[in-house]
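Everything in the sequence shown is counted per this note's numbering, starting at 16 for the first residue and increasing by one.
Where a beta carbon is used, it is the ideal one built from N, C-alpha and C, also for glycine.
Here the structure is a predicted model, which means the values were calculated and not measured.
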Amino acid sequence: MLADSEKRAAYDRYGHAGLGGGAAGPGFDPTVFQDFSDIFGDLFGFGDLFGGGGGGRRRSRVQRGADLREDLTIEFEQAVFGTETQVTVRRHEACEACHGSGAAAGKGPTTCRSCGGRGQVRYQQGFFSIARTCPTCQGTGSVITDPCPKCKGQGRVVRQRTIDAKIPAGVEDGTRIRFSGGGEVGQFGGPAGDLYVVLHVKEHPFFIREGNDLHCVVPISVAQAALGADIRVPTMDGEHTLKIPEGTQPATTFRIRNKGVPVLNGHGKGDLYVEVRVQIPPKLNKRQRELLQELDGLSKVDNQPLLQSLLGKVKEIFG
Numbered sequence: 016m017l018a019d020s021e022k023r024a025a026y027d028r029y030g031h032a033g034l035g036g037g038a039a040g041p042g043f044d045p046t047v048f049q050d051f052s053d054i055f056g057d058l059f060g061f062g063d064l065f066g067g068g069g070g071g072r073r074r075s076r077v078q079r080g081a082d083l084r085e086d087l088t089i090e091f092e093q094a095v096f097g098t099e100t101q102v103t104v105r106r107h108e109a110c111e112a113c114h115g116s117g118a119a120a121g122k123g124p125t126t127c128r129s130c131g132g133r134g135q136v137r138y139q140q141g142f143f144s145i146a147r148t149c150p151t152c153q154g155t156g157s158v159i160t161d162p163c164p165k166c167k168g169q170g171r172v173v174r175q176r177t178i179d180a181k182i183p184a185g186v187e188d189g190t191r192i193r194f195s196g197g198g199e200v201g202q203f204g205g206p207a208g209d210l211y212v213v214l215h216v217k218e219h220p221f222f223i224r225e226g227n228d229l230h231c232v233v234p235i236s237v238a239q240a241a242l243g244a245d246i247r248v249p250t251m252d253g254e255h256t257l258k259i260p261e262g263t264q265p266a267t268t269f270r271i272r273n274k275g276v277p278v279l280n281g282h283g284k285g286d287l288y289v290e291v292r293v294q295i296p297p298k299l300n301k302r303q304r305e306l307l308q309e310l311d312g313l314s315k316v317d318n319q320p321l322l323q324s325l326l327g328k329v330k331e332i333f334g
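Here you go:
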C-alpha cells in the first residue's frame, strides 16, 4: 500500500478510512504482522499490537500466596538429635468476614466499565491497534465496588501465628526446611505459599563438626602416652572407653566409628576423631626432675628391666 503513490496519498489525507474503512486495500495481507503480534504480545503484554488475532486474555484474580522465610537458632545437640520446636510467623491469611473474596457480605465483583470485562483497553495509533492491560481492574476484567470493611477489599488480613516445626536429626548450620502451605495465603482464595525455615546452629564448647564427623581434643599425661592407658572420652551418646597404646606420640588422632552425627534423612552416623595432646607439667618438683633424668639416662643405655621399673614410678608420679 505504501508503495502505491495514490493509496499512500489517500492514507496521508484520510487515514485508514481513506483505504475503504475496515477492509484492507488490494494486495494487503494482514497476516504478515501476525508474528510481530505474537512476539510483542508475549514480551510486553500489548496483545494485538499489529492488528492480528482476536481479544486479549484476562488475568485471574486468584493468585498464589508469597513464600516466607524465618530464621531459627538451635542448640548443637538439637541439630544432632533433632527436636520439635515452634516458629512464629507473621503472614497474610484469608479474611474471615468475606472468606477471601474481598467483597462485602452479599456482594461480589462487577464487570469493569473501563474495559467491558475484557481486561484490556485498546489504543488506535494510525493503523496500529495497541492493547494494554486495563489500569482500572489490572487485567482481571472485574472490580470490587463494595469492598469488605474488614480487609478493605484485599481479601486478606495480617496475623501472627505459631507453627509447630519438627527438626530432623542431622541438620547443620544453613539447612533450609520447607513447610508446604506455611506461607502467605493467596489473594481472593488463591493457594498459600510455602514457609522456609533457615537453621542457625550454635557452636559446641568441646566438639567441632565437619560434615557428619565430629572432632575433639583430649589431654593425656606423659605417663599415659609412654605406658598406654584406657581413658574415658565424652561423646554425644555418653562416655566411651578409648585405649591409648604404649608409646603414643603427641597429636595422634584416634577414630571411633559411629559416634558422629546421624545422616540427614538417611541411615548411619559419622565418626568421632579424638586427638590426644600430651600435657607436659609446667613446673617439676625435685623428685619428678630426678626421675626424668634417670629415665633419660636409662633410655640411652637401653637397660630394659630398670627402664620398665622406672616407668612404673613415672606413671605413679605423673599419671
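| Item | Value |
| --- | --- |
| Cutoff 7 Å; reference residue 70; Cβ partners in own chain excluding five residues on either side | In this prediction, residue 70 scores a pLDDT of 47, lower than 50, which makes its location untrustworthy; no coordinate-derived value is stated. |
| Per-residue burial, residue 199 [other beta carbons within 10 Å of its own, 16 or more giving buried] | buried |
| Segment contact flag, the stretch 120 to 136 with the stretch 214 to 231, C-beta cutoff 8 Å, min 3 pairs | no |
| Assigned secondary structure, residue 306 (DSSP; H/G/I helix, E/B strand, else coil) | helix |
| First through last residue of the alpha helix (DSSP H) which encompasses residue 242 | 237 to 242 |
| Same chain, Cβ closer than 7 Å to residue 97, five either side skipped, listed in chain order | 182, 183 and 184 |
| Alpha-carbon to alpha-carbon, residue 87 and residue 267 | 37 Å |
| Three-state class that DSSP yields for residue 200 in the structure shown | coil |
| Under 8 Å between C-beta atoms of residue 119 and residue 82 | no |
| DSSP-derived helix/strand/coil call for residue 54 | Unreliable positioning characterises residue 54 in this predicted model, as indicated by a pLDDT of 47, which lies under 50. A coordinate reading is not provided. |
| Proximity to residue 80 [Cα-Cα], best of 94, 105, 150 and 196 | 196 |
| Bridge partners - residue 229, DSSP secondary structure assignment | 224 and 287 |
| Span of the beta strand (DSSP E) around residue 108 | 98 to 109 |
| Residue 218 in three-state terms, based on DSSP | coil |
| The stretch 162 to 169 in contact with the stretch 103 to 113 per 3-pair CB rule at 8 Å | yes |
| Closest by C-alpha distance to residue 248, when choosing among 262, 230 and 263 | 230 |
| Counted within 10 angstroms of its Cβ, other Cβ atoms place residue 208 as buried (16 or more) or exposed | buried |
| Residue of 308, 212 and 176 minimising C-alpha distance to residue 189 | 212 |
| Contact check, residue 275 vs residue 228, beta carbons under 8 Å | yes |
| Between the CA atoms of residue 291 and residue 308 - distance to the nearest angstrom | 25 Å |
| C-beta contact flag for residue 294 and residue 235 at 8 Å | yes |
| When 78, 117 and 221 are compared against residue 206, the one with the closest alpha-carbon | 78 |
| Exposure label - residue 201; buried when at least 16 CB within 10 Å | buried |
| The beta strand (DSSP E) enclosing residue 268, as first and last residue numbers | 268 to 271 |
| Other residues of its chain near residue 85: CB distance less than 8 Å, five sequence neighbours each side excluded | 102, 103, 104, 210, 211, 212 and 213 |
| Status (buried if at least 16 other CB within 10 Å, exposed otherwise) for residue 158 | buried |
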